[in-house]
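To start, the structure itself, in structure tokens.
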Amino acid sequence: GEKVEQHESTLSVREGDSAVINCTYTDTASSYFPWYKQEAGKSLHFVIDIRSNVDRKQSQRLIVLLDKKAKRFSLHITATQPEDSAIYFCAASPLSGSFNKLTFGAGTRLAVCP
Amino acid sequence: EAGVTQSPRYAVLQEGQAVSFWCDPISGHDTLYWYQQPRDQGPQLLVYFRDEAVIDNSQLPSDRFSAVRPKGTNSTLKIQSAKQGDTATYLCASSRTGVEQYFGPGTRLTVL
């Protein structure tokens, strides 16, 4: 089955700098790659996703890059703010019909320091 | 739009006891997922439904775990004879398109 590895377990950046979180996956059939944010004591909240028909997607300060050849995708958070501090999870799924069987990485704890 | 709701929020059991978790998905969402999230790990899919039908329950850890969604709306996940290794947060998620999943607050289970 699919395996998703999240390379950074912790990441610390200064406010205003960019943060980059990298993930790799194993299943070439994976075609959907969402990112979720989990703040302390709360559940997962969807932040952005990318599908395999594009290699870049941006939503405000969030950019997702996808390299299908390397089976690698990354989340870039620009101009970081203290409220970006959270655990970020990447996931991968081989979209099949209307079902979405997500495999998650282990999470990256991002700290944005003032 | 109300989000996914789950109850209870916390449960503490002795080994061997049974426990049930309840999930109410977002209205109109036909697909419902149950995940297990051990401490400091990512969520791991246990089972998912389309309406009342189980689509895939192959990731349920053992026959001690069962899940139902009898009317295609609310769902119950049950653990018979809990073990310490079951300690985790149990998350419910729902989706309408099958793509973007919306997660509930979770039930944090501790088995002593």
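Protein chains in written order, with the numbering used here: chain A, 1 to 114; chain B, 1 to 112.
Even glycine gets a Cβ: it sits at the ideal position worked out from N, Cα and C.
None of these values were measured; they are calculated from a predicted model.
Just checking: is the beta-carbon of residue i within a distance shorter than 9 Å of some beta-carbon in chain A?
i	result
residue 36 of chain B	no
residue 11 of chain B	no
residue 41 of chain B	yes
residue 100 of chain B	yes
residue 31 of chain B	yes
Just to check, is the beta-carbon of residue i closer than 8 Å to a non-hydrogen atom of the ligand MN?
i	result
residue 107 of chain B	Judged by which ligands are present, the structure shown has none, so any question about the ligand MN falls away.
Taking residue i as the reference, give the member of the options with the closest Cα.
i	options	result
residue 26 of chain B	B:8, B:105, B:59, B:111	B:105
residue 18 of chain A	A:88, A:80, A:58, A:101	A:80
residue 94 of chain A	A:25, A:42, A:74	A:25
residue 41 of chain B	A:10, A:1, A:74	A:10
residue 94 of chain B	B:81, B:79, B:48	B:48
For residue i, name the three-state secondary structure that DSSP assigns.
i	result
residue 37 of chain B	strand
residue 52 of chain B	coil
residue 15 of chain B	coil
residue 84 of chain B	helix
residue 84 of chain A	helix
residue 101 of chain B	coil
residue 19 of chain A	strand
residue 73 of chain B	coil
Please check if any C-beta of chain B sits within less than 9 Å of the C-beta of residue i.
i	result
residue 62 of chain A	no
residue 101 of chain A	yes
Cβ pair count under 8 Å reaching 3, the segment 39-55 of chain A against the segment 98-105 of chain B: These segments touch.
Would you say the segment 18-37 of chain A touches the segment 14-22 of chain B, given that touching needs at least three Cβ pairs under 8 Å? Between the segment 18-37 of chain A and the segment 14-22 of chain B there are fewer than three inter-stretch CB-CB distances shorter than 8 Å, so the stretches are not counted as touching.
In chain order, each alpha helix (DSSP H) run of at least 4 residues that lies wholly inside the segment 35-73 of chain A: Whole alpha helix (DSSP H) segments, 4+ residues: zero.
Assess contact between the segment 102-113 of chain A and the segment 1-8 of chain A, defined as three or more Cβ pairs (one per stretch) separated by less than 8 Å. Is contact present? By the Cβ rule, the segment 102-113 of chain A counts as touching the segment 1-8 of chain A, because three or more pairs are nearer than 8 Å.
For the structure I just gave you, are there three or more beta carbon pairs, one from the segment 80-90 of chain B and one from the segment 17-36 of chain B, closer than 8 Å? Because the criterion of three Cβ pairs below 8 Å is met, the segment 80-90 of chain B and the segment 17-36 of chain B touch.
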